[in-house]
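For the record, in the sequence shown the residue sitting at position 147 is 147 according to the UniProt record's numbering, with numbers rising by one throughout. Cβ coordinates follow ideal geometry from the N, Cα and C atoms, glycine included.
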Amino acid sequence: MNKHLLVLVQLQHDLTPSLLSSHHRYKYFLGNSRLLSLPKINNSNNINISINNNINSNNNYNISIINNYFYRKNCYCSTKKSFGNNENTNNNSNNNDNGITTTTTTSSISAAADNSSLFTKFINNNNNNSNNFNAKQLLDSSRKFLKSSTNNDIKESAILDSRILIEHVLQLKPNARIPPTLNLTDSQYQQFSELISRRFKDEPIAYIVGYRYFWKHQFRCDRSTLIPRPDSETLIDQIVMLREYENFSPTNILDLGTGTGCLLLSLLNEFPNATGVGVDQSLDALEIAKYNSISIDKQNSSDNNSSNNIINNRVEFIQSNWLSSLSNNKKYQLIISNPPYISHSDYINLNPTVKLFEPKTALVADNNGLKDYEIIAKSIVDKDILDRDNGLVVFEIGMNQENDIIKIMESNGFELKCQGKDLGRIIRCLVFKYKIK
Ligand SMILES: C[S@@+](CC[C@H](N)C(=O)[O-])C[C@H]1O[C@@H](n2cnc3c(N)ncnc32)[C@H](O)[C@@H]1O
């Protein structure tokens, strides 16, 4: 395959788990199929790929693109946009395929019982003659249950989410075959009916199972952290392209508002000689980010990715209100940030899966969503922590915020170097450098 031809396909829901990052979808797809010809994009937003695959006997898949395609530097990409959800303390632990324990939480035993009865009531009302403990039949009932939600996001992902949750309860690998005779034990059934009912009540699937894939790794997340989004992979993609086309190779990376650490840790994985600092105001988020730095090293070693320098030794996490607790004398070649950028008025209209579950402090900013860009831009200059010769500032931005943010940066002495579109063709990433070195 041509070195620069990268095809990321969003497969139909029944073929790939939504928890996967676009990178993993691609890897999953290639890993599960033998590509017989390079994909051709036709005019009707479909991609025709001939593959030899044992999913069924038909070797020619016509894979519908759920959302848009865009063409950029020989890259075809697609995505389904998802702004992707919980409560606390009664732990249900599961070991996933990387050997990492993921923990799902509920507010109390009584809440769990309450949740679980929602699904049980549904199947008792609709499935009188079926075996409630049979995995296949449960999958079918849970799909119908989720499809009866009034939340379109829940309806749309009903098939996939039911599958993810049954796999989670049964500790199966993604898309593993479920034997028709497989029955859940009583406690597995209780767990499943509780989890599926939480989903019905708008909780994001990533909080229910306790992780989400981003770029090349699985990241733990809980309600203290924003769920990593495929859109944010645009930043990594852009920086990796700068490495490829301009030999950009930062040795010190600063991530402002690190959350799960998904951006910083993915970059440290891409740049094995770099060290990084992740900043967040939330101590709980920093705990998750630390956990993820260890987890990624474990994931790398279980993938036999021994070429990577241990990430946990190269990263430091600091609690700080943006740059206020950072020292002035360290210079970074790369400062990345995905700060809160949703305006108060837009926040009101967010889907309940986001609004009721994800931390508001990770989402909303004053001044029409621009306040944190203003603070960060000014502090970078005041602290003089960006390498003036080669340093880059890379921001994730909200839809249509590019002009305002370019103005903010220009008024602080920066100029736009390049920008990146997300998989839905929206400008999502702005890269700045100092105008005068
Ligand atoms: C949009 S989330 C981004 C999380 C992660 N970097 C990502 O891309 O998924 C913004 C993050 O900024 C953090 N944050 C918000 N205000 C902050 C502040 N004043 N100082 C430091 N971190 C802040 C939030 O806690 C949250 O983790």
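When the distance is taken between beta carbons, is residue j closer than 8 Å to residue i?
i      : j      : result
Pro340 : Leu256 : no
Gln401 : Leu370 : yes
Val169 : Gln191 : yes
Ser232 : Glu396 : yes
Phe317 : Thr234 : no
Asn151 : Thr353 : yes
Val315 : Gly278 : yes
Ser162 : Leu182 : no
Thr225 : Ile288 : yes
Ile253 : Tyr347 : no
Ile227 : Arg199 : no
Leu118 : Ser197 : yes
Leu138 : Ile166 : yes
Leu326 : Ile385 : yes
Ile342 : Gly420 : no
Asn273 : Thr251 : yes
Val381 : Val431 : no
Lys136 : Pro180 : yes
Cys221 : Arg229 : no
Ser249 : Phe219 : no
Ala158 : Arg177 : no
Pro359 : Arg223 : yes
Could you check how far apart the C-beta atoms of residue i and residue j are, in whole angstroms? I think they sit under 8 Å.
i           : j      : result
residue 438 : His217 : Nothing about residue 438 can be read from this structure; the chain reaches only from 1 to 437.
Leu337      : Ile376 : Rather than Leu, the amino acid found at residue 337 in this sequence is Ser. Indeed they touch by this definition, with Cβ atoms about 6 Å apart.
Ile123      : Asn134 : Incorrect: roughly 11 Å between the Cβ atoms, too far for contact.
Gln238      : Asp280 : That belief does not hold up - the Cβ atoms of Gln238 and Asp280 are roughly 22 Å apart, past 8 Å.
Ile408      : Tyr373 : 5 Å
Asn328      : Lys383 : 5 Å
Asp389      : Lys330 : No, Asp389 and Lys330 are not in contact; Cβ-Cβ is about 15 Å, not under 8 Å.
Leu334      : Leu392 : 6 Å
Which stretch, first to last residue, makes up the alpha helix (DSSP H) that contains residue i?
i           : result
Glu244      : 233–246
Cys262      : 262–270
Ser325      : Note, Ser325: premise wrong, no alpha helix (DSSP H); not H, not E.
Gln190      : 186–200
Tyr332      : Note, Tyr332: premise wrong, no alpha helix (DSSP H); not H, not E.
Leu172      : Run containing Leu172: none; DSSP gives neither H nor E here.
Glu287      : 283–302
Arg143      : 135–147
Ile435      : As written in the sequence, residue 435 is Lys, which differs from the Ile given in the question. Taken as a continuous stretch (DSSP letters only), Lys435 belongs to no alpha helix (DSSP H), as it is neither H nor E.
Tyr347      : 344–348
Asp153      : 152–156
residue 438 : Examination of residue 438 is not possible in this model, given that the chain is present from 1 through 437 alone.
Thr353      : 352–355
Is the beta carbon of residue i within less than 7 Å of some heavy atom of ligand 1?
i      : result
Leu254 : no
Val315 : no
Ser343 : no
Thr234 : no
Ser320 : yes
Pro339 : yes
Ser282 : yes
Pro228 : yes
Thr353 : no
Cys262 : yes
Val279 : yes
Ala206 : no
Gly398 : no
Gly276 : no
Gly257 : yes
Thr120 : no
Ala377 : no
Thr225 : yes
Ala158 : no
Thr251 : no
Thr361 : yes
Ala285 : yes
Name the two residues that bound the continuous beta strand (DSSP E) containing residue i.
i           : result
Gln319      : 315–319
Thr275      : 275–280
residue 480 : Nothing about residue 480 can be read from this structure; the chain reaches only from 1 to 437.
Leu256      : 252–256
Glu396      : 392–396
Tyr373      : Where Tyr373 is concerned, there is no enclosing beta strand (DSSP E), although the alpha helix (DSSP H) it sits in stretches over 371–383.
Tyr211      : 211–214
Phe219      : 217–220
Is residue i near ligand 3, going by C-beta to nearest heavy atom under 7 Å?
i      : result
Ala176 : Ligand 3 is not part of this structure, which contains only ligand 1.
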